[in-house]
DNA sequence: GGCCATAATGACACCGGTATCATGAGCGAG
DNA sequence: CTCGCTCATGATACCGGTGTCATTATGGCC
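Chains as they are written, first to last, in my numbering: chain E, 1 to 341; chain V, 342 to 682.
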């Protein structure tokens, strides 16, 4: 059906190899020959078969993007960055979705990676909380980059936002507005980012000479429901916080909804700060003050270092922390006097 | 490095073809032989090379997902459905992102599809508004499914939500609450879905004996900003609407924010209805009344019919409309008497 | 004019599988 | 015992490219 390299070669009156040289822009082809081959390609509408090329040349140029569960808006945005860089470099991105808690699925990842002859993998956050998976990958010497570091894997490559600093900045923003009781809704506590962001919050409080009140710190799972639920709990406290920081914009939106539910004005009576700056942040009312991570850039950077350095085995420092930026919108305001509240 | 089929065959003392038979579960292999081969596979840790299999067998099992611009939260959710079905069927999904307005990009799509030997393509909404692309695909007899129909392509396969009916239901919900002036923010007017949803709105108004006031109908582009902007315009009208329907949840959130900006209470003074029921819908305050589309299922259905019927060339009716469901949350309420407003 | 370096090209094996068809073994029937 | 048939298996070509290395043509130099 489709024209093959042999067809092109025959038509141009050259060997397969010479036709191949033209396609790959090798420089040892005479100008006249090149023209003949290009003409044949044009006439036949030839398009090479990538899979045959990859098989023959021995490099698959396929990288995996491993995400726990489903593709979220957040990971979709990371994926945009991954895809742009991968496309430009002629690499494919194969999406692997797994349930990280199921040990069998980890086998499946390894199998898929080998089945598809992937050359490397990008790991989305919850994935590198699995010691089994990390162990298996390291044992196989399988190239990978993590999105955010993990303490189980020292020396591993990662790209991450400056979580601790970002959280610290957000906390100081609230402190400067006069808030003294600041609630904190964490993400999954076994994740590095959750702990880093909590650490930033605590560092800021310490600098401001405010004792950490553990009753104001709640766990969470990055979901909307957890933000909603824990914010309700915080607002029900005998002495509720005047501000809530969430580890992520989605639970921050939950906190705003919790305030709305009971008629607590935001930012009048409750300030809320998120983290990430996903599209949601500016789509809610009030628009959310949040710590912007360059999500797209993190994706692009991970793919760059994976393709350019890690897969070729170039040694370099693959721990990249990118700065965050506090984006002040309308969900935060000066703390009111008690009688106003 | 990795064991090949030849290695397995050698170790098991059989021919490559027999080893291949075992791998593909062909039934003409003696039980004893099968055991030997399986043992060899186990010992060598053999995993077949999918690309070699695909090259040799002549079917690539690759399908494309073509989206305009970037992967949005909405298309990411469609993709989840696509991926689940594709994975189960052993197919790969290759994401193609293009700028639909650039004619050169259309060439690129065709080239990529041929380069990667894709067997079919799923087209996300804005893509089938390009007559050039559709023409090229039809001319090549390239298998594809559209997400939502397009009038430029009669007889083409598509899967879509019941847009007209969903919009009609939403409009009646508002009518029953007593609303007589209902603003409408459309999506891109050249898209089928935009027109279908507008048609449902008009049908409901007609049934309720309400004349369509064109000043209440605004265009839009599915973006948040357009919802915000057009809602501002609607609220600035001398006789503003008491409710706004948007073609999509994102601009509906924009409408809610526009109301918030000027202190218009939602749903007290303004009801807002969206469309799609993306996660955003329940993450805003007030939670959005919207028309739920089974987004994931639409993705899954598109992939199913593409793989099972369209690529094999089985004739059947590939125009599938899936029902929508009105989800009533808190952004809609009974219209108030004028003096309250 | 003869020699050698260099540029251009082709023959052929190979990547890791599958498909076709021939062949040999085993077995029941005549 | 032999024929004919089915079942299991293997030899070999092939998918559509790339890599290696040998070969041929060309040109510069002594």
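Even for Gly, the Cβ is constructed at its ideal location relative to N, Cα and C.
- Relative to the ligand NAD, is the shortest distance from any of its heavy atoms to the C-beta of residue 411 (chain V) smaller than 6 Å? Ligands in the displayed structure: none, and consequently the ligand NAD is not present.
- Cβ neighbours of residue 612 (chain V) in the same chain (closer than 8 Å, five flanking residues each side left out): 515, 518, 520, 583, 584, 585, 630, 672, 673, 674, 676
- Task: Anything in chain V within Cβ reach of residue 257 (chain E), meaning under 9 Å, just list it in chain order.
- Result: 623, 624, 625, 626, 627, 628
- Query: In chain order, what residues of the region 102 to 124 of chain E put their CB closer than 8 Å to some CB of chain V?
  - Reply: 111, 114, 115, 116, 117
- Mind listing which residues of the region 383 to 402 of chain V have their C-beta closer than 9 Å to chain E's C-betas, in chain order? 386, 388, 389, 390, 391, 392, 393, 395, 396, 401
- Task: Could you check if residue 189 (chain E) is buried or exposed, using at least 16 other CB atoms within 10 Å of its CB as the buried criterion?
- Result: exposed
- Which of the three DSSP states, helix, strand or coil, is assigned to residue 2 (chain E)? coil
- Query: Can the beta-carbon of residue 457 (chain V) be found less than 7 Å from the beta-carbon of residue 435 (chain V)?
  - Reply: yes
- Message: Can you list, in chain order, the residues of its chain with a C-beta nearer than 6 Å to that of residue 398 (chain V)? Leave out the 5 residues immediately preceding and following it.
- Response: none
- Exposed unless 16 or more other CB atoms sit within 10 angstroms - verdict on residue 445 (chain V): exposed
- Task: Please list, in chain order, all residues of the same chain as residue 592 (chain V) whose beta carbon is under 6 Å from its beta carbon, the five residues on each side excluded.
- Result: 526, 561, 567, 568, listed in sequence order.
- Step through the CB atoms of chain V and report whether any lies within less than 7 Å of the CB of residue 162 (chain E). no
- Item | Status (buried if at least 16 other CB within 10 Å, exposed otherwise) for residue 471 (chain V) | buried
- Among residues of its own chain, excluding the 5 on either side of residue 277 (chain E), which ones have a beta-carbon nearer than 6 Å to its beta-carbon? Excluding residues within five positions, the ones whose Cβ falls inside 6 Å are 290, 292, 327.
- At a cut of 8 Å, does the region 141 to 153 of chain E reach the region 165 to 172 of chain E through at least three beta carbon pairs? Result no; under three Cβ-Cβ pairs closer than 8 Å.
- Using the Cα positions of residue 191 (chain E) and residue 125 (chain E), report the straight-line distance between them to the nearest angstrom. So the alpha carbons of these two residues sit roughly 8 Å apart.
- Item | Distance, residue 83 (chain E) Cα to residue 681 (chain V) Cα | A caution first: residue 681 (chain V) carries a pLDDT of 46, below 50, which makes its placement in the model unreliable, though a value can still be read off. Spanning the two alpha carbons is a distance of roughly 53 Å.
- Message: Beta-carbon within less than 7 Å of residue 15 (chain E)'s beta-carbon, same chain only, minus the 5 sequence neighbours each way: which residues are those?
- Response: In the same chain as residue 15 (chain E), and ignoring 5 residues on each side of it, the C-beta atoms closer than 7 Å to its own belong to 9, in chain order.
- Does the beta carbon of residue 126 (chain E) come closer than 7 Å to any beta carbon on chain V? no
- Item | chain E contact residues for residue 565 (chain V), given Cβ-Cβ distances below 8 Å | 279, 282, 283
- Exposed or buried, which one is residue 358 (chain V) when buried takes at least 16 other CB atoms within 10 Å? exposed
- 6 Å CB neighbourhood of residue 538 (chain V) in its chain, flanking five on each side removed: Here the set comprises 504, 508, 588.
- Query: What's the gap between the Cα of residue 205 (chain E) and the Cα of residue 555 (chain V)?
  - Reply: 56 Å
- Residue ranges of each beta strand (DSSP E) run of no fewer than 3 residues wholly in the region 101 to 141 of chain E, ordered along the chain? 120 to 123
- Alpha carbon of residue 461 (chain V) to alpha carbon of residue 484 (chain V), nearest angstrom: Residue 461 (chain V) and residue 484 (chain V) have their C-alpha atoms some 5 Å from each other.
- Task: Give the interface partners of residue 421 (chain V) over in chain E, defined as CB-CB distance under 9 Å, in chain order.
- Result: Listed along chain E, the residues sitting closer than 9 Å to residue 421 (chain V) by beta-carbon distance are 70, 71, 97.
- Message: Does chain V have any CB closer than 7 Å to the CB of residue 76 (chain E)?
- Response: yes
- Message: Taking the beta carbon of residue 426 (chain V) as the centre, do at least 16 other beta carbons fall within 10 Å, making it buried, or is it exposed?
- Response: buried
- Item | Limits of the unbroken beta strand (DSSP E) element including residue 145 (chain E) | 144 to 147
- Please compile the residues from chain V whose C-beta is within a distance smaller than 9 Å of the C-beta of residue 253 (chain E). Going along chain V in sequence order, the residues near residue 253 (chain E) (Cβ under 9 Å) are 621, 624, 625, 626.
- Task: Measure from the alpha carbon of residue 628 (chain V) to the alpha carbon of each residue in E:256, E:87, E:312, then state which is nearest.
- Result: Out of E:256, E:87, E:312, the CA that lies nearest to the CA of residue 628 (chain V) is found in E:256.
- Query: With a cut-off of 7 Å, does the C-beta of residue 601 (chain V) fall near any C-beta of chain E?
  - Reply: yes
- Query: Would you call the CB atoms of residue 71 (chain E) and residue 420 (chain V) closer than 7 Å?
  - Reply: yes
- Item | Rounded distance between the beta-carbons of residue 62 (chain E) and residue 157 (chain E), thought under 8 Å | Actually they are not in contact, since the Cβ atoms of residue 157 (chain E) and residue 62 (chain E) sit about 18 Å apart, beyond 8 Å.
- residue 709 (chain V), buried or exposed, once every other Cβ within 10 Å from all chains shown has been counted against 16: Beyond the ends of chain V as shown, which are 342 and 682, falls residue 709 (chain V); an answer cannot be given.
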